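Going by my numbering, the sequence shown opens with residue 627, and the numbers climb by one from there.
Glycine is no exception: its CB is placed at the ideal position from the N, C-alpha and C atoms.
These numbers were taken from a predicted model, which means no experiment stands behind them.
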Amino acid sequence: MSLVTTKEMFAKAYDGGYAIGAFNVNNMEIIQGITEAAAELKAPLILQVSKGARAYANRTYLMKLVEAAIIETGLPICLHLDHGDSFELCKACIDDGFTSVMIDASSKPFEENIELTKQVVAYAHDHGVVVEAELGTLAGIEDEVVVAEGHASYTRPEEVEEFVSRTGCDSLAIAIGTSHGAYKFKPGTKPQLRFDVLEEVSKRLPGFPIVLHGSSSVPQDLVAKVNQYGGNMPGAIGVPEDQLRQAASMAVCKINIDSDLRLAMTASIREHFALHPDHFDPRQYLKPARAAIKDVVAHKLVNVLGCDGKAF
Ligand code: G3H
Ligand code: 13P
Ligand code: ZN
Numbered sequence: 627m628s629l630v631t632t633k634e635m636f637a638k639a640y641d642g643g644y645a646i647g648a649f650n651v652n653n654m655e656i657i658q659g660i661t662e663a664a665a666e667l668k669a670p671l672i673l674q675v676s677k678g679a680r681a682y683a684n685r686t687y688l689m690k691l692v693e694a695a696i697i698e699t700g701l702p703i704c705l706h707l708d709h710g711d712s713f714e715l716c717k718a719c720i721d722d723g724f725t726s727v728m729i730d731a732s733s734k735p736f737e738e739n740i741e742l743t744k745q746v747v748a749y750a751h752d753h754g755v756v757v758e759a760e761l762g763t764l765a766g767i768e769d770e771v772v773v774a775e776g777h778a779s780y781t782r783p784e785e786v787e788e789f790v791s792r793t794g795c796d797s798l799a800i801a802i803g804t805s806h807g808a809y810k811f812k813p814g815t816k817p818q819l820r821f822d823v824l825e826e827v828s829k830r831l832p833g834f835p836i837v838l839h840g841s842s843s844v845p846q847d848l849v850a851k852v853n854q855y856g857g858n859m860p861g862a863i864g865v866p867e868d869q870l871r872q873a874a875s876m877a878v879c880k881i882n883i884d885s886d887l888r889l890a891m892t893a894s895i896r897e898h899f900a901l902h903p904d905h906f907d908p909r910q911y912l913k914p915a916r917a918a919i920k921d922v923v924a925h926k927l928v929n930v931l932g933c934d935g936k937a938f
């Protein structure tokens, strides 16, 4: 098995009323934790690399680690560029062998977003690679870009048909109330995604795969554990899992999760050092951290995405 695109994954997910998990990867233990969970549960996977992750690990290591995961698990895995911000970055990842790229020009005016997305689609499709684009702006932090709450905006359903037909993109990320990071909603408020916007978008784009970014749920037991062992994460609140499950049963075929893996890893490592202050072999604290990531991913695959058993 070699890397796959999302074409077949999304077609099956759309028809089957489930979504594929797109998990961000930065190192070997994260890749192992995610892929071990997916292998046990026979789940198709998208592993995504941000510009920051590529800068952190360099252009080769994450690719090779993902290739190793395919050898070990035999799973259908798509390697995706998360939040590509330029044609040059998308092209570099396509040339390196990624099977999917996101061009995120959502902060640009509509016409500029279309032009840049079109340029990436032309190059990607020439190379058998699929393209995710974005319309609407999420609040939160992606790479170095911080979008303040007041500057976030829901996707306008009346724009999606023109955007998709003019760009030729293969999937579309929309803004319906999710946001990046661990502080998505104000403490005391009741998180509610805009299912009316999702429904209107999918009516206008029948059969077309929709993507949700910023979809960590920020489990309170993990936040409590981080804080119990010396952390300080006041008011961290995520997207309720039942709402993500509902989105997955609709037109949403890809759900992006990063912060929950960061939380799981950090909680585990903080706990480890609190309980074993004498340890200094990285394997001693990275092994339980990897297992903590595996647990979170297994939970998501079954209870949020519904994609367990769908790999083959
Ligand atoms: O949406 C952003 C992802 O969580 C990746 O974060 O850019 O810090 O790697 P990063
Ligand atoms: P979270 O910060 O909610 O995990 O979102 C991750 C994401 O959207 C990556 O593109
Ligand atoms: Zn994102």
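Practice item. Check I696 in the structure and name its three-state DSSP category. Key: Residue 696 sits at position 70 when you count from the first residue of the sequence shown. Here I696 sits in helix by DSSP.
Practice item. Between the Cα of C933 and those of V651, L764, L671, V852, spot the shortest distance and give me the residue it belongs to. Key: Indexing the sequence shown from 1 puts residue 933 at position 307. For C933, the nearest C-alpha among the options comes from L671.
Check your understanding: Do you know how far the Cα of T743 is from the Cα of V771?
Key -> The count along the sequence shown starts at 1 and reaches residue 771 at position 145. The count along the sequence shown starts at 1 and reaches residue 743 at position 117. For V771, the pLDDT reaches just 49, beneath the cut-off of 50, and the residue's location in the model is therefore unreliable, leaving the point undetermined.
Exercise for review: State buried or exposed for L764, treating a residue as buried only when at least 16 other CB atoms are found within 10 Å of its CB.
Suggested key: The residue labelled residue 764 in the question sits at position 138 within the sequence shown. Classification of L764: buried, given that the 10 Å Cβ count is 16 or more.
Review point. Helix, strand or coil: how does DSSP classify K926 here?
Key: For the purposes of this step, residue 926 is identified with residue 300 of the sequence shown, where counting begins at 1. Note: K926 maps to helix in three-state DSSP.
Review point. How is T763 classed by DSSP in three states: helix, strand or coil?
Key: Position 137 of the sequence shown, counted from the first residue, corresponds to residue 763. It is a strand residue.
**Study point:** Short Cβ contact (8 Å threshold) for A645 with K880
**Key:** Looking up residue 645 in the sequence shown gives position 19. Looking up residue 880 in the sequence shown gives position 254. Between A645 and K880, the C-beta spacing is below 8 Å.
Practice item. Just grab the DSSP bridge partners of D880 for me. Key: Here residue 880 refers to the residue found at position 254 when the sequence shown is read from its first residue. Looking at the sequence provided, one finds Lys at residue 880 rather than Asp. For K880, which the question treats as bridged, DSSP gives the partners I646, V837.
Review point. Helix or strand or just coil, what does DSSP make of S628?
Key: One-based indexing of the sequence shown puts residue 628 at position 2. In the structure shown, S628 sits in coil (DSSP, three-state: anything other than H, G, I, E or B).
Review point. Of all the options E826, I895, F736, which has the alpha carbon lying nearest to the alpha carbon of K851?
Key: In the sequence shown, counting from the first residue as 1, residue 851 sits at position 225. Residue I895 is the option with its Cα nearest to K851.
**Study point:** Contact under 8 Å by Cβ, D886 with V844
**Key:** Taking the first residue of the sequence shown as position 1, residue 886 is located at position 260. Taking the first residue of the sequence shown as position 1, residue 844 is located at position 218. Contact: yes.
**Study point:** Cβ contact (3+ pairs, closer than 8 Å) linking the region 910-917 and the region 645-663
**Key:** yes
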